[in-house]
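Our numbering runs 15 ahead of the 1-based position in the sequence shown.
For glycine and all other residues, C-beta sits at the position ideal for the given N, C-alpha and C.
All values reported here derive from a predicted model rather than from experimental measurement.
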Amino acid sequence: MALLQIAEPGQSSAPHEHRIAIGIDLGTTHSLVATVLSGKAKVLNDEQGHVLLPSIVHYATDHTLLGDDAKALLTTDPKNTIASVKRFMGRSKADIKFQHPFDLVGEDHQMPAFETAQGRKTPVEISSDILKQLKHRAENSLKNPINGAVITVPAYFDEAQRQATRDAAELAGLNVLRLLNEPTAAAVAYGLDSDAHLEHDQNYVIYDLGGGTFDVSILRFSQGVFEVLATGGHTALGGDDLDRLIVKWAKKQLNIEILDDTEYAHFLLAARQAKEALSDVDYVELKVLDQTLELDRANFEAIIKIALDKTMSVCKRVMRDAKLEINDIQNVVLVGGSTRSYAVQKVVADVFQQEPLCTINPDEVVALGAAITANQLIGNSTDGALLLDVTPLSLGLETMGGLVERLISRNTAIPVARRQEFTTYQDGQTAMLIHVLQGERDLVEHCRSLGRFVLRGIPPMTAGQARIEVTFQVDADGLLMVSAKETTSGVHAQIDIKPSYGLSESDTERLLLDGYKFAEEDKHLRHLHETKIEAQRELEALEQALKVDAILLTTEQFADLNQATVYLTTQLATDDIQAIENAVEKLKIHSDAFAALRMNQHIDQALKGTKLNDWSNSN
Numbered sequence: 016m017a018l019l020q021i022a023e024p025g026q027s028s029a030p031h032e033h034r035i036a037i038g039i040d041l042g043t044t045h046s047l048v049a050t051v052l053s054g055k056a057k058v059l060n061d062e063q064g065h066v067l068l069p070s071i072v073h074y075a076t077d078h079t080l081l082g083d084d085a086k087a088l089l090t091t092d093p094k095n096t097i098a099s100v101k102r103f104m105g106r107s108k109a110d111i112k113f114q115h116p117f118d119l120v121g122e123d124h125q126m127p128a129f130e131t132a133q134g135r136k137t138p139v140e141i142s143s144d145i146l147k148q149l150k151h152r153a154e155n156s157l158k159n160p161i162n163g164a165v166i167t168v169p170a171y172f173d174e175a176q177r178q179a180t181r182d183a184a185e186l187a188g189l190n191v192l193r194l195l196n197e198p199t200a201a202a203v204a205y206g207l208d209s210d211a212h213l214e215h216d217q218n219y220v221i222y223d224l225g226g227g228t229f230d231v232s233i234l235r236f237s238q239g240v241f242e243v244l245a246t247g248g249h250t251a252l253g254g255d256d257l258d259r260l261i262v263k264w265a266k267k268q269l270n271i272e273i274l275d276d277t278e279y280a281h282f283l284l285a286a287r288q289a290k291e292a293l294s295d296v297d298y299v300e301l302k303v304l305d306q307t308l309e310l311d312r313a314n315f316e317a318i319i320k321i322a323l324d325k326t327m328s329v330c331k332r333v334m335r336d337a338k339l340e341i342n343d344i345q346n347v348v349l350v351g352g353s354t355r356s357y358a359v360q361k362v363v364a365d366v367f368q369q370e371p372l373c374t375i376n377p378d379e380v381v382a383l384g385a386a387i388t389a390n391q392l393i394g395n396s397t398d399g400a401l402l403l404d405v406t407p408l409s410l411g412l413e414t415m416g417g418l419v420e421r422l423i424s425r426n427t428a429i430p431v432a433r434r435q436e437f438t439t440y441q442d443g444q445t446a447m448l449i450h451v452l453q454g455e456r457d458l459v460e461h462c463r464s465l466g467r468f469v470l471r472g473i474p475p476m477t478a479g480q481a482r483i484e485v486t487f488q489v490d491a492d493g494l495l496m497v498s499a500k501e502t503t504s505g506v507h508a509q510i511d512i513k514p515s516y517g518l519s520e521s522d523t524e525r526l527l528l529d530g531y532k533f534a535e536e537d538k539h540l541r542h543l544h545e546t547k548i549e550a551q552r553e554l555e556a557l558e559q560a561l562k563v564d565a566i567l568l569t570t571e572q573f574a575d576l577n578q579a580t581v582y583l584t585t586q587l588a589t590d591d592i593q594a595i596e597n598a599v600e601k602l603k604i605h606s607d608a609f610a611a612l613r614m615n616q617h618i619d620q621a622l623k624g625t626k627l628n629d630w631s632n633s634n
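Okay, structure coming up:
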């Protein structure tokens with residue numbers, strides 16, 4: 016009798032129905048691809064056995080080189096060898112202020128292109144070439160076409176940067192199942208969404224220290240749902256900065272002020288080797304410029320303390336955002352090559368009062384998590400949890416007076432939809448400008464504009480009568496759609512927020528910090544602007560009323576009303592909120608008396624010619 020086959024738990028019972036899905040970690044310095052085989056996630060290597068693909072592309076006149084082949088040309092042909100293209104994704108040319116050797120072309124407000132021997136190449140095209148290479152590696156390794164892919168992105172990526180990543184993946188011929196935040200992928204790789212954790216809510220910290228950036232996220236797993244409670248980071252802090260701090264120390268020890276490029280490269284290499292060696296030994300020797308320096312663990316920890324303290328202050332801020340204490344955290348996960356350092360592991364353990372999880376290769380953990388998610392989304396596995404990410408910054412629209420009305424607050428779980436009603440400002444208004452903004456401040460000028468569109472065809476009504484329903488919808492990839500509808504006529508307009516450039520990571524951080532820093536100032540400014548708008552509305556209504564019924568006023572009443580009006584107009588030119596409010600109160604004394612006269616007149620007109628019997632018989 017033939018033996019019958021039984022599938023693994025969570026796996027397809029019909030092998031022919033098994034679809035190939037991959038997870039890709041598209042990194043700044045290295046990229047890699049992983050998949051799930053026989054129920055286990057594993058990274059895929061190339062023909063040479065390499066797992067990490069350097070995120071570098073070289074464009075020669077008649078051929079293109081990628082990875083290690085391109086890396087060899089970084090120093091000899093830097094203009095045609097594009098590295099760290101992720102830093103350019105979704106940014107405008109004006110946003111790119113860091114040093115680089117490339118010739119960038121294009122308008123300041125658009126995503127730039129690189130001038131290469133093969134012509135102009137956009138960041139999307141270059142990222143696409145890297146993704147094609149990873150797709151090719153997967154197809155060669157698995158001997159099957161790829162049915163779908165999950166691509167990871169930093170938690171701080173805004174809508175434009177996410178859209179650019181999705182465009183690159185689709186250009187590479189990949190079916191994008193989902194864009195997944197890198198910290199969320201790391202949590203999945205460690206199985207923090209397993210059934211064992213379903214009884215109580217679990218909170219996890221994902222500490223990600225890469226070569227050039229630092230990110231920290233707090234995830235909550237509750238009733239089968241993974242939610243990112245809060246995210247934060249430092250855009251110019253990573254393993255490279257630890258190396259530079261060691262170089263700075265070495266220069267001081269040797270009384271050296273300036274190093275040329277070759278010497279600096281040599282110092283950096285020695286620093287990196289020393290940093291890595293100290294994870295296994297108590298002290299190392301740095302051989303630089305024919306001299307030897309001794310560096311022990313105590314000195315090393317003192318040197319890098321300033322950088323690690325910065326990461327901890329970010330962790331504390333994110334903890335406050337999530338409204339959690341240290342004892343609320345069940346696990347801390349380490350991600351990024353720099354977390355291999357014993358010093359990093361030690362400071363994390365000290366602050367969070369527990370040993371962090373670092374058993375999975377920190378270079379591979381994100382790709383493995385992406386592969387597990389991809390396997391689930393393609394339909395091969397029913398295991399795992401629903402993954403919810405969060406919006407990195409608040410989203411809203413402009414209202415009268417240059418104020419921002421927030422519809423979706425930062426750190427709101429996505430996908431999400433929010434709806435709010437607005438109205439017209441002027442009588443007979445037939446159109447409305449919907450200006451979409453991103454940021455934490457109360458004034459338009461302090462936030463970032465994402466896009467504008469006009470809702471036309473609003474039926475002409477008295478100001479404040481129209482009902483305009485505005486909907487903000489953020490999908491699972493963090494992409495925003497805004498629509499507006501007038502409720503009586505049904506006229507409708509919408510915009511997909513897909514600008515040609517995105518926020519730089521530093522700008523995201525700046526907008527976030529400004530939100531805290533200027534909270535009190537913004538509260539005052541908002542109150543001031545709202546007071547001015549109300550006062551202006553009062554003056555406009557009074558002006559309209561005087562055109563019709565000024566005859567009801569005595570000469571003295573008209574003069575008093577006019578004087579109060581002039582006084583309020585004068586105060587509106589200042590920013591003295593107390594003086595404006597006092598001027599409004601003074602005007603109200605006279606305008607309320609005028610309103611009473613107008614009401615009496617209307618009642619008199621309504622009752623004219625009627626008799627008491629008319630009211631008695633009205634029932």
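Give me the Cα-Cα distance between N638 and V333, rounded to the nearest whole angstrom.
-> The chain is shown from 16 up to 634; residue 638 falls before or after that span and cannot be answered.
Answer yes or no: do V347 and V220 have a C-beta to C-beta separation smaller than 8 Å?
-> What you label residue 347 is simply residue 332 of the sequence shown in a count that begins at 1. What you label residue 220 is simply residue 205 of the sequence shown in a count that begins at 1. Cβ distance < 8 Å, so V347 and V220 count as in contact.
Taking the CB atoms as reference points, tell me whether G472 and T502 lie closer together than 8 Å.
-> Taking the sequence shown and counting its residues from 1, the one referred to as residue 472 is at position 457. Taking the sequence shown and counting its residues from 1, the one referred to as residue 502 is at position 487. For G472 and T502, no; Cβs fall outside 8 Å.
Rounded Cβ spacing between R181 and V191 (contact assumed at less than 8 Å) | Position 166 of the sequence shown, counted from the start, is the residue given in the question as residue 181. Position 176 of the sequence shown, counted from the start, is the residue given in the question as residue 191. Contact flag correct, Cβ pair sits at about 6 Å.
How do the segment 157 to 164 and the segment 81 to 88 stand: do at least 3 beta-carbon pairs fall below 8 Å, yes or no?
-> no
DSSP state of Q391 mapped onto helix, strand, coil | Your numbering for residue 391 matches position 376 in the sequence shown. In this structure, Q391 counts as helix in the three-state DSSP scheme.
Is the beta carbon of P138 sitting closer than 8 Å to the one on M104?
-> As a first step, residue 138 is located in the sequence shown; it is residue number 123 there, counting from the start. As a first step, residue 104 is located in the sequence shown; it is residue number 89 there, counting from the start. It is a contact, given that the beta carbons lie within the stated cut-off.
Measuring alpha carbon to alpha carbon, tell me which of H507, N615, A389 and A594 ends up nearest G38.
-> Numbered from 1 along the sequence shown, position 23 holds the residue referred to as residue 38. Of the listed residues, the one whose Cα sits closest to G38 is A389.
State buried or exposed for N155, treating a residue as buried only when at least 16 other CB atoms are found within 10 Å of its CB.
-> In the sequence shown, counting from the first residue as 1, residue 155 sits at position 140. By the 10 Å Cβ count, N155 comes out exposed.
Start and end of the alpha helix (DSSP H) containing N190?
-> Your numbering for residue 190 matches position 175 in the sequence shown. No alpha helix (DSSP H) contains N190, which DSSP labels as neither H nor E.
Where H617 falls, given that 16 or more other Cβ within 10 Å makes a residue buried | Against the sequence shown, residue 617 aligns to sequence position 602. Under this definition H617 is an exposed residue.
C-beta contact flag for Q488 and M476 at 8 Å = Along the sequence shown, read from residue 1 onward, the residue named residue 488 stands at position 473. Along the sequence shown, read from residue 1 onward, the residue named residue 476 stands at position 461. Not a contact, by the Cβ cut-off of 8 Å.
Taking 8 Å as the cut-off, decide whether the C-beta atoms of A36 and I393 are in contact.
-> In the sequence shown, counting from the first residue as 1, residue 36 sits at position 21. In the sequence shown, counting from the first residue as 1, residue 393 sits at position 378. Contact flag set, yes.
In the structure shown, what three-state DSSP assignment does V346 receive?
-> By 1-based counting over the sequence shown, the position of residue 346 is 331. In the sequence as displayed, the identity of residue 346 is Asn instead of Val. In the structure shown, N346 sits in a strand (DSSP, three-state: E or B).
When we look at the beta-carbon of N95 and count the other beta-carbons within 10 Å, is it buried (16 or more) or exposed?
-> Here residue 95 refers to the residue found at position 80 when the sequence shown is read from its first residue. Looking at its Cβ environment, which holds 16 or more other Cβ atoms inside 10 Å, N95 is buried.
Which stretch, first to last residue, makes up the beta strand (DSSP E) that contains S46?
-> Taking the first residue of the sequence shown as position 1, residue 46 is located at position 31. H45 to L52 is the extent of the beta strand (DSSP E) around S46.
Where DSSP assigns a beta bridge to T486, which residues make up the other side?
-> Stepping through the sequence shown from its first residue, residue 486 is reached at position 471. The partner list for T486 (beta bridge, DSSP) reads R434 and S498.
Start-to-end residues for the alpha helix (DSSP H) that takes in Y357 | Here residue 357 refers to the residue found at position 342 when the sequence shown is read from its first residue. Element bounds for Y357: Y357 to F367.
Can you find a CB in chain C that lies within less than 8 Å of the CB of D182?
-> The chain labelled as chain C is not found in the depicted structure, where only one protein chain is given.
Close-in-space but distant-in-sequence residues of the same chain around L602 (CB under 6 Å, 5 per side omitted) = Translated into positions along the sequence shown, residue 602 becomes position 587. Excluding residues within five positions, the ones whose Cβ falls inside 6 Å are A579 and L583.
Are the beta-carbon atoms of V419 and L452 separated by less than 8 Å?
-> Here residue 419 corresponds to residue number 404 of the sequence shown, with the count starting at 1. Here residue 452 corresponds to residue number 437 of the sequence shown, with the count starting at 1. Result yes, Cβ atoms of V419 and L452 sit closer than 8 Å.
Please name the residue or residues paired with Q133 in a DSSP beta bridge.
-> Taking the sequence shown and counting its residues from 1, one reaches residue 133 at position 118. In DSSP, Q133 forms no bridge with anything.
Going by beta carbon distance, what residues of the same chain come within less than 6 Å of K500, once the five residues before and after it are set aside?
-> Position 485 of the sequence shown holds residue 500. Only E484 and H507 meet the Cβ criterion.
With 16 as the cutoff for other CB atoms within 10 Å, does H31 come out buried or exposed?
-> In the sequence shown, the residue the question calls residue 31 occupies position 16. With a pLDDT of 44 at H31, under the threshold of 50, the modelled position of this residue cannot be trusted; read the value that follows with caution. Exposed: under 16 other Cβ atoms inside 10 Å.
If you draw a straight line from the C-alpha of A179 to the C-alpha of E122, how long is it?
-> Translated into positions along the sequence shown, residue 179 becomes position 164. Translated into positions along the sequence shown, residue 122 becomes position 107. Those two C-alpha atoms are separated by around 17 Å.
Cα separation between K1 and D365?
-> The chain is shown from 16 up to 634; residue 1 falls before or after that span and cannot be answered.
Ordered along the chain, which non-local residues of its own chain (more than five positions away) have a Cβ less than 7 Å from that of K290?
-> Taking the first residue of the sequence shown as 1, we reach residue 290 at position 275. For K290, where only same-chain residues beyond five positions count, the Cβ hits under 7 Å are L257, D258, I261 and S356.
Assumed close pair D40, T167 - CB separation to whole angstroms, cut-off 8 Å | Taking the first residue of the sequence shown as 1, we reach residue 40 at position 25. Taking the first residue of the sequence shown as 1, we reach residue 167 at position 152. That belief holds up - the Cβ atoms of D40 and T167 are roughly 5 Å apart, short of 8 Å.
Boundaries of the alpha helix (DSSP H) in which K266 is found, first to last residue | Taking the sequence shown and counting its residues from 1, one reaches residue 266 at position 251. From DSSP, the alpha helix (DSSP H) with K266 extends over G254 to Q268.
Buried or exposed: where does A184 fall if 16 or more other Cβ atoms within 10 Å of its Cβ makes it buried?
-> Within the sequence shown, residue 184 is the residue found at index 169, counting from 1. By the 10 Å Cβ count, A184 comes out buried.
Where L81 and Q368 are concerned, what is the direct C-alpha to C-alpha distance, given to the nearest angstrom?
-> Indexing the sequence shown from 1 puts residue 81 at position 66. Indexing the sequence shown from 1 puts residue 368 at position 353. Distance between the alpha carbons of L81 and Q368 is about 43 Å.
From what residue to what residue does the alpha helix (DSSP H) around N155 run?
-> One-based indexing of the sequence shown puts residue 155 at position 140. Here the alpha helix (DSSP H) through N155 covers P138 to L157.
If V363 sits next to P371, beta carbons under 8 Å apart, how far is it from one beta carbon to the other, in whole angstroms?
-> The residue you call residue 363 lines up with position 348 of the sequence shown. The residue you call residue 371 lines up with position 356 of the sequence shown. Confirmed, Cβ separation roughly 5 Å.
Sort S46, I141 and A98 by Cα distance to R152 and report the nearest one.
-> Numbered from its first residue, the sequence shown carries residue 152 at position 137. Considering only alpha carbons, the answer is S46.
Chain-order list of residues whose beta-carbon lies under 8 Å from that of P612 (same chain, five-residue window excluded) = Along the sequence shown, one-based indexing puts residue 612 at 597. Correcting the residue identity first, residue 612 is Leu in this sequence and not Pro. Excluding residues within five positions, the ones whose Cβ falls inside 8 Å are D564, L567 and L568.
Residue interval of the beta strand (DSSP E) (run including H281) = Taking the sequence shown and counting its residues from 1, one reaches residue 281 at position 266. Element bounds for H281: not the beta strand (DSSP E) but the alpha helix (DSSP H), D276 to A292.
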